[in-house]
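S.K.:
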Amino acid sequence: MIRSSVQALAPYVPGEQPKLKRLVKLNANENAYPPSPKVKEALASFNVASLRLYPDPEFSRLRHKLARYYGCKAENVFVGNGSDEVLRLAIDVFVRNAAPVGVFEPSYSLYPVLAEIREAPLVRVPLPENDAALSALRPPEPRPDLFCLVNPNAPTGTIFGMEAVRAFARTLAPAVLLVDEAYAPFAGRDCLALALEEPNVVVSRTFSKAWSLAGLRVGVLVGPAPLVEALYKVKDSYNVDALAQCVAEAALSDPEWMVANARKIAATRDRFSDALRQKGWSVVQSHTNFVWCQPPEGGKTAAEFQAKVRNWGFLVRRFADPPELANHLRISIGTDAEMDELLGML
Ligand code: PMP
Numbered sequence: 000m001i002r003s004s005v006q007a008l009a010p011y012v013p014g015e016q017p018k019l020k021r022l023v024k025l026n027a028n029e030n031a032y033p034p035s036p037k038v039k040e041a042l043a044s045f046n047v048a049s050l051r052l053y054p055d056p057e058f059s060r061l062r063h064k065l066a067r068y069y070g071c072k073a074e075n076v077f078v079g080n081g082s083d084e085v086l087r088l089a090i091d092v093f094v095r096n097a098a099p100v101g102v103f104e105p106s107y108s109l110y111p112v113l114a115e116i117r118e119a120p121l122v123r124v125p126l127p128e129n130d131a132a133l134s135a136l137r138p139p140e141p142r143p144d145l146f147c148l149v150n151p152n153a154p155t156g157t158i159f160g161m162e163a164v165r166a167f168a169r170t171l172a173p174a175v176l177l178v179d180e181a182y183a184p185f186a187g188r189d190c191l192a193l194a195l196e197e198p199n200v201v202v203s204r205t206f207s208k209a210w211s212l213a214g215l216r217v218g219v220l221v222g223p224a225p226l227v228e229a230l231y232k233v234k235d236s237y238n239v240d241a242l243a244q245c246v247a248e249a250a251l252s253d254p255e256w257m258v259a260n261a262r263k264i265a266a267t268r269d270r271f272s273d274a275l276r277q278k279g280w281s282v283v284q285s286h287t288n289f290v291w292c293q294p295p296e297g298g299k300t301a302a303e304f305q306a307k308v309r310n311w312g313f314l315v316r317r318f319a320d321p322p323e324l325a326n327h328l329r330i331s332i333g334t335d336a337e338m339d340e341l342l343g344m345l
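The sequence shown: position 293 = 292 (numbering that gives the first Met the number 0), numbered continuously.
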């Protein structure tokens with residue numbers, strides 16, 4: 000007996016993790032640089048014998064350090080097994096049975112899968128063009144219990160300003176607005192303040208991108224204490240393992256490392272975007288660690304470019320569905336040398 004919605008489910012497809020060596024992975028928005036040396040130190044001095052015990056179910060130390068880092072109270076912080084778990088729990092907690100979930104389109108392709116697992120109808124709203132359009136938006140019909148806004152957005156890399164997001168949150172209230180800020184450190188600005196000022200806004204973050212720890216699986220949610228408390232009620236008892244708590248604390252002790260890498264990647268991104276435009280590509284101004292781009296008309300298609308660069312050992316991401324996205328590539332930003340090599344092929 001398998002639920003019919005699960006039988007019919009088209010699962011989320013993550014960026015390919017190749018088994019071959021010598022491939023340059025520019026397909027999953029991972030960080031081009033390693034995590035802080037503090038991470039290596041923490042792993043080297045980790046007390047292995049302590050692994051016989053369960054981890055702190057409330058990750059109290061990590062939670063307090065995150066609260067200090069984000070300028071809030073521990074009661075405003077939730078930690079998950081990657082931000083993907085945080086997003087899944089948000090749907091469990093904030094969406095009533097059969098109530099809709101709202102998303103912009105295009106945005107993160109996991110949301111439709113999470114909604115479908117819960118058999119929640121999805122309300123897709125075209126991504127507003129700019130801040131003015133977002134501020135003027137009325138709540139979609141049917142009214143969602145939860146709206147997920149990725150900011151800066153994936154896969155477009157575009158960003159909305161905080162006041163436009165605040166205006167949208169207020170029109171949605173009392174429904175919850177989840178602002179997925181997986182890529183915010185590459186933008187240099189964010190909407191974290193809304194999670195502490197607006198009763199219906201939560202912000203999710205991750206250690207996977209700017210902190211260079213995708214393999215660790217630590218995501219964070221910041222929000223009003225009553226909403227955060229509700230997430231604690233439904234999470235697995237030990238959703239963040241002991242090593243992950245220890246390593247995340249170590250990374251958090253060295254934010255300068257993360258910021259320096261994010262700045263370096265942003266500089267490479269802007270240089271790569273300009274060079275690609277000079278080759279006739281259309282490239283959306285990105286505020287993330289990837290670019291969303293389209294090859295010049297009349298030449299090779301995005302699919303052909305993707306296949307061509309794969310032969311040279313470079314993986315880039317393309318979404319074949321919906322058809323209007325199919326002639327775009329989403330290229331994660333690697334090191335300067337990798338991006339120069341890729342430019343040569345494009
Ligand atoms: N949100 C967005 C917009 C993403 O692109 C990703 C990465 N695929 C995530 C959340 C999830 O990141 P993680 O689970 O690694 O924290």
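Even glycine gets a Cβ: it sits at the ideal position worked out from N, Cα and C.
Going by the CB atoms, is the gap between Arg87 and Leu61 shorter than 7 Å?
M.R.: no
S.K.: Below 8 Å on the Cβ atoms is my guess for Pro138 versus Glu104; work out the distance and round it to an integer in Å.
M.R.: Contact flag wrong, Cβ pair sits at about 16 Å.
S.K.: Between Thr205 and ligand 1, is there a pair consisting of the residue's CB and a ligand heavy atom that are separated by less than 6 Å?
M.R.: yes
S.K.: Three or more beta-carbon pairs under 8 Å between the region 321-337 and the region 298-309, yes or no?
M.R.: yes
S.K.: What is the rounded straight-line gap between the Cα of Pro36 and the Cα of Trp256?
M.R.: 9 Å
S.K.: Use the C-beta contact count for Ala224: other C-beta atoms within 10 angstroms, 16 or more gives buried, fewer gives exposed.
M.R.: exposed
S.K.: What's the C-alpha gap between Pro54 and Ser236?
M.R.: 9 Å
S.K.: With H, G and I counted as helix, E and B as strand and the rest as coil, what does DSSP make of Leu324?
M.R.: helix
S.K.: Quick one: which unbroken alpha helix (DSSP H) runs of 4-plus residues sit fully inside the region 192-280? Chain order, please.
M.R.: Qualifying alpha helix (DSSP H) stretches, in chain order: 224-233, 241-251 and 254-277.
S.K.: Tell me whether Ala31, by its Cβ, gets closer than 6 Å to a heavy atom of ligand 1.
M.R.: The answer is no for Ala31.
S.K.: From which residue to which residue does the alpha helix (DSSP H) around Phe185 run?
M.R.: Ala183 to Ala186 is the span of the alpha helix (DSSP H), which, as asked, contains Phe185.
S.K.: Just to check, is the beta-carbon of Gly218 closer than 6 Å to a non-hydrogen atom of ligand 1?
M.R.: yes
S.K.: Start and end of the alpha helix (DSSP H) containing Val308?
M.R.: Ala301 to Asn310
S.K.: Could you work out which residue in Met338, Val282 and Gly312 is closest to Glu15 when comparing CA atoms only?
M.R.: Gly312
S.K.: Cβ of Val178 versus every heavy atom of ligand 1: is any distance shorter than 6 Å?
M.R.: Ligand 1 never approaches Val178 closely enough for any of its heavy atoms to be under 6 Å from the residue's Cβ.
S.K.: According to the Cβ coordinates, are Asp130 and Phe167 closer than 7 Å?
M.R.: no
S.K.: So is Val239 buried or exposed if we call it buried at 16+ other beta carbons inside 10 Å?
M.R.: buried
S.K.: How long is the line joining the alpha carbons of Ser207 and Ala229, rounded to whole angstroms?
M.R.: Cα atoms of Ser207 and Ala229: separation of roughly 24 Å, rounded to the nearest angstrom.
S.K.: Between Val178 and Leu145, which are expected to be in contact by the criterion C-beta below 8 Å, what is the C-beta distance as a whole number of angstroms?
M.R.: No, Val178 and Leu145 are not in contact; Cβ-Cβ is about 12 Å, not under 8 Å.
S.K.: Taking 6 Å as the line, does the beta carbon of Ser82 fall inside it for any heavy atom of ligand 1?
M.R.: yes
S.K.: Where does Ile90 sit, in a helix, a strand or coil, going by DSSP?
M.R.: helix
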